[in-house]
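Report on one structure; see the data block that follows.
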Amino acid sequence: MSDFFFLQCSNHGFLVLFKNALDCFYSIVIGSAAICCNLTPLHWFVGFTHSDICVGTILALQMVPLINTATETLLRNLKSHAESGNSFNIHKCFGCFTMDVIASVAFGTQVDSQNNPDDPFVHHASKFFAFTFFKPLMIFFMAFPFVLQPLAGLLPNKSRDEMNSFFIQCIQKMIKQRDDLPPEQRRRDFLQLMLDVRASSKYLSLEHFDVVNDADEQACTEQGMDNGQENGPGNESTKRAQQKRMMTEDEIVGQSFIFLLAGHETSSNTLAFACYLLALHPEFQKKLQEEVDEFFSRHETADYSNVQELKYLDMVICETLRLYPPAFRVARDVDQDTMVNGQLLPKGSSLEIPAGYLHYNPEHWTEPEKFIPERFTPEAKASRHPFVYLPFGAGPRSCVGMRLAQLEIKMALLHIFRRFDMMACEDTEVPLESHTTLGPKNGILVKIINRENFES
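Residues in the sequence shown are numbered from 277 upward in steps of one, following the numbering used here.
What follows is the structure, given as structure tokens:
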């Protein structure tokens with residue numbers, strides 16, 4: 277499905293009618309702890325509304341100190357690679373970095389994945405990803421999730437149950453510890469913010485959390501669900517506005533799982549691909565470093581607010597996500613018979629949104645195979661339909677934690693290119709061979725050197 281009207285309706289217009297087609301996949305891989313992944317539309321709506329509140333603009337601000345701690349560890353590790361003069365797998369480094377961020381933000385646990393791989397959290401999280409993605413059977417089920425549910429009882433679950441048990445106990449223990457502390461002593465992270473929501477009746481509708489881009493987000497907030505609403509069930513937005521419910525402990529556990537799943541590999545892949553592209557294109561790397569140097573001539577430190585000034589960095593990240601989107605397809609299942617623009621969408625059918633096709637369509641992108649950050653200047657973006665670019669999906673069911681992921685990526689790249697030059701070398705694979713999960717199959721080997729004009 278690449279028609280823009282249908283894309284907009286499936287992502288914005290019918291919250292109760294369209295659900296994530298991978299729900300059954302997540303529910304089996306993660307088990308009962310992923311309760312938010314395979315709930316009815318109302319339950320999904322409640323859980324993800326609260327989660328998006330937690331990772332919205334204001335609350336992402338509170339995560340900066342936690343991201344900075346993980347970034348400092350990353351920079352120390354990169355410095356050792358610079359001093360060695362050898363090529364290294366930067367994708368692995370970023371995998372450790374994003375693992376550290378997720379452990380800190382979503383699970384309230386401080387780890388150093390690169391220097392302490394035997395840490396229980398790192399050990400179980402690594403097993404989690406090895407089980408989830410890198411088996412042919414799981415790849416098949418991700419492509420055809422509707423096949424999985426009838427076979428659920430036949431799948432082995434010993435490893436899954438072991439992983440579930442560890443993470444559930446970890447979170448439950450942390451919840452008890454937090455509840456025993458006075459509010460002023462509680463660590464401000466994603467877990468604590470969900471716990472705050474658990475005890476709150478605060479409610480915002482999902483329209484407040486549309487994440488296509490800032491301009492489209494504002495437009496959607498202003499216009500509500502006007503697009504396609506006349507063809508859907510009456511008064512859906514009114515019904516949604518009346519739905520209020522607080523998060524349960526099971527939902528908090530499930531949301532932390534989803535955060536691990538959505539935030540680890542997607543962020544590490546994006547960081548690695550960005551460094552790879554900049555290593556191959558030193559002219560763009562130099563332009564980025566000039567912006568970074570100018571930024572630090574005005575600011576002593578980076579925070580959530582001032583990193584928004586880095587327009588070229590944002591362009592680099594956007595172009596990286598266009599070339600290497602976290603997912604090449606996004607699926608939505610139709611929950612009941614629906615008419616959209618005169619077209620019947622029968623209950624049980626699946627709508628597939630081909631993000632990869634849209635990102636490489638020459639009708640929308642000149643020389644789509646090339647890395648050109650200037651595609652994302654304000655003028656260039658204004659000239660395109662917003663739905664030709666869907667790295668995180670769109671609408672209220674888009675990627676959970678997108679704002680936090682973008683902040684994490686920006687903070688890491690900002691500090692890396694302030695301190696280092698990234699270079700391709702004889703070990704760098706060109707072109708990259710991608711894994712089925714859209715990560716680099718053989719890693720990304722580069723060299724890194726200290727910048728001459730940087731004073732630590």
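Note that beta-carbon positions come from the ideal geometry of N, C-alpha and C, so glycine has one too.
Here the structure is a predicted model, which means the values were calculated and not measured.
If we ignore side chains and look at the alpha-carbon of each, how far apart do E728 and E566 end up? Put simply, the backbone Cα of E728 is about 14 Å away from that of E566.
CB-CB under 8 Å to I593, same chain, minus the five flanking residues each way: which ones, in chain order? Here the set comprises T546, A550, Q682, I685, K686 and L689.
To the nearest angstrom, how far is the alpha carbon of E655 from that of R598? E655 and R598: Cα-Cα distance of roughly 17 Å.
Please name the residue in I692, F572 and T596 whose C-alpha comes closest to that of E585. Of the candidates I692, F572 and T596, the one whose C-alpha sits nearest the C-alpha of E585 is F572.
For a test of the three-state rule: what should DSSP assign to Y302, helix, strand or coil? With a pLDDT of only 42 at Y302, under the threshold of 50, the placement of this residue in the model should not be trusted; the figure read from the coordinates follows. Here Y302 carries a helix assignment [DSSP, helix/strand/coil].
Examine the Cβ distances between the region 661-669 and the region 341-353 and report whether three or more of them are shorter than 8 Å. No, the region 661-669 is not in contact with the region 341-353.
Report all residues from its chain with a CB closer than 6 Å to the CB of C372; omit the five preceding and five following residues, and keep chain order. Close CB contacts of C372 within its chain, under the 6 Å cut and outside five residues either way in sequence, are with S389 and Q390 (chain order).
Once the 5 residues before and after L554 are set aside, which same chain residues still bring their CB inside 8 Å of it? Non-local C-beta neighbours of L554 in its own chain, meaning closer than 8 Å and more than five positions away in sequence, comprise F560, Q561, L564, V592, F693 and M698, ordered along the chain.
So is R660 buried or exposed if we call it buried at 16+ other beta carbons inside 10 Å? The residue in question, R660, is exposed, as its Cβ has fewer than 16 Cβ neighbours within 10 Å.
For D703 versus S363, is the C-beta spacing smaller than 8 Å? Going by beta carbons, D703 and S363 fall inside the 8 Å limit.
Distance, V381 Cα to L342 Cα: Roughly 7 Å separates the two Cα atoms.
With distances taken Cα to Cα, identify the nearest neighbour of H540 among L469, F370 and Q386. Among L469, F370 and Q386, the Cα nearest to that of H540 is on F370.
Limits of the beta strand (DSSP E) - the one that F696 falls within: DSSP places F696 inside the beta strand (DSSP E), whose first and last residues are F696 to M699.
F443 and H399 - do their beta-carbons sit closer together than 8 Å? Result no, Cβ atoms of H399 and F443 do not sit closer than 8 Å.
Alpha-carbon spacing of I725 relative to T642, whole angstroms: Whole-angstrom Cα-Cα distance: 33 Å.
Give, in chain order, every unbroken run of the beta strand (DSSP E) that is at least 3 residues long and sits entirely within the region 595-665. Entirely contained in the region 595-665, the beta strand (DSSP E) runs reaching 3 residues are, in chain order, 606-610, 614-616, 619-621 and 626-629.
Pairwise C-alpha distance: D395 and Q468: Roughly 23 Å separates the two Cα atoms.
State the beta-bridge partners of N726 as determined by DSSP. Paired residue(s): F696.
Rounding to the nearest angstrom, what Cα-Cα distance links A603 and G530 in this structure? The alpha-carbon atoms of A603 and G530 are separated by roughly 21 Å.
Who are the Cβ neighbours of R464 in its own chain at under 7 Å, not counting the five residues just before and after it? Cβ neighbours of R464 beyond the five flanking positions: Q338.
Rounded to whole angstroms, what's the CA-CA distance from T719 to E359? Just pull it up for me. Checking the sequence shown, residue 719 turns out to be Gly, not Thr. Rounded to whole angstroms, G719 to E359 spans 21 Å at the Cα level.
Thinking C-beta only, is H367 closer than 8 Å to S544? At the C-beta level, S544 and H367 come within 8 Å of one another.
Could you tell me the alpha carbon to alpha carbon distance between N582 and M615, rounded to whole angstroms? N582 and M615 have their C-alpha atoms some 45 Å from each other.
At the level of alpha carbons, what is the spacing between Q445 and D579? Cα to Cα, the separation comes out at about 33 Å.
Can you tell me where the alpha helix (DSSP H) holding F572 begins and where it ends? F572 -> alpha helix (DSSP H) spans P558 to R574.
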